[in-house]
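See below for the structure under consideration.
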Amino acid sequence: MPKLSNERRKFLTRATLQYQEHLDDAQGFLEGRGIDLEFARSVGLGVVRNPEAQHADYEGRLAIPSITNAGPVQMSFRCLKNHDCKYEKCAKILRARGWPNWLYGVQAADQADDWIAVAEGEMDAIVLQMIGIPAIGVPGAEVFKDHYAKVFEDFSRVYMFADGDQAGSDMIKKWRDRLDTAVIDAQMPDKEDVNSMYLTHGPEFLIGKIKK
1 MPKLSNERRK
11 FLTRATLQYQ
21 EHLDDAQGFL
31 EGRGIDLEFA
41 RSVGLGVVRN
51 PEAQHADYEG
61 RLAIPSITNA
71 GPVQMSFRCL
81 KNHDCKYEKC
91 AKILRARGWP
101 NWLYGVQAAD
111 QADDWIAVAE
121 GEMDAIVLQM
131 IGIPAIGVPG
141 AEVFKDHYAK
151 VFEDFSRVYM
161 FADGDQAGSD
171 MIKKWRDRLD
181 TAVIDAQMPD
191 KEDVNSMYLT
201 HGPEFLIGKI
211 KK
């Protein structure tokens, strides 16, 4: 992974703090997904208002910083509009251009015991974290970088909370092929994801996927 310059780190830290001040603008969106506003605040979420020059294209989006022990290293931006993004040809998630797609929530590895969860995307990882499941988010079912294996090598098992579609099934297979650690299938039902199952069945359904 490329090393972040001090200038880049300061920029991301400044942007994170600035956007956090406007998180209340996303309260309705977050509540609609069962995400507690204060928990969202605790993981650094914000709304892009008065954007930094590099973030002008993300005005009004939910800012989701990827934070490590050294601070923010990347940021993604989720659409907050009340519409069908696919139908409107609107990108649901945008990621800052010019920088690699980092894993989201890697600090969960410090809080985990001998197992950890992986979710498709930042929002699903946030839901799992909120209900007490240490989870890391992957920026897309198709994404796997060689250095990911290093992150998970100290765990006895990795639970894959993949979406309920073919891409999710392919994701689980890919991770099984690439990790030496045991990869456990925790895929969601057909056409569902972590957030939708949390809303319809509560945390018990998701927690029940973990075999301790």
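According to my numbering, the sequence shown is numbered sequentially starting from 1.
Glycine included, each C-beta is placed from N, C-alpha and C at the ideal position.
Counterpart residues of residue i in DSSP-defined beta bridges
{"i": "residue 131", "result": "None; residue 131 has no bridge partner."}
{"i": "residue 63", "result": "46, 77"}
{"i": "residue 137", "result": "104, 119"}
{"i": "residue 93", "result": "78"}
{"i": "residue 197", "result": "According to DSSP, residue 197 bridges with nothing at all."}
{"i": "residue 160", "result": "118, 185"}
{"i": "residue 68", "result": "71"}
Neighbour-count burial assignment, residue i, 16 or more Cβ in a 10 Å radius
{"i": "residue 209", "result": "buried"}
{"i": "residue 114", "result": "exposed"}
{"i": "residue 28", "result": "exposed"}
{"i": "residue 55", "result": "buried"}
{"i": "residue 189", "result": "exposed"}
{"i": "residue 146", "result": "exposed"}
{"i": "residue 95", "result": "buried"}
{"i": "residue 170", "result": "exposed"}
{"i": "residue 121", "result": "buried"}
{"i": "residue 58", "result": "buried"}
{"i": "residue 105", "result": "buried"}
Option nearest residue i by Cα separation, candidates the options
{"i": "residue 139", "options": "93, 29, 13", "result": "93"}
{"i": "residue 211", "options": "160, 200, 179", "result": "160"}
{"i": "residue 6", "options": "17, 70, 56", "result": "70"}
{"i": "residue 116", "options": "11, 204, 41, 186", "result": "186"}
{"i": "residue 52", "options": "63, 148, 145", "result": "63"}
{"i": "residue 15", "options": "4, 40, 44", "result": "44"}
{"i": "residue 136", "options": "126, 207, 144", "result": "126"}
Segment contact, 8 Å Cβ cut-off, at least three pairs: the stretch 78-89 with the stretch 100-113 = no
State whether the stretch 146-157 contacts the stretch 187-199, with contact taken as three or more CB pairs (one from each stretch) at a distance under 8 Å.
-> no
So, do the stretch 170-183 and the stretch 123-134 have three or more beta carbon pairs nearer to each other than 8 Å?
-> no
Give, in chain order, every unbroken run of the alpha helix (DSSP H) that is at least 4 residues long and sits entirely within the stretch 5-40.
-> 6-20, 27-32
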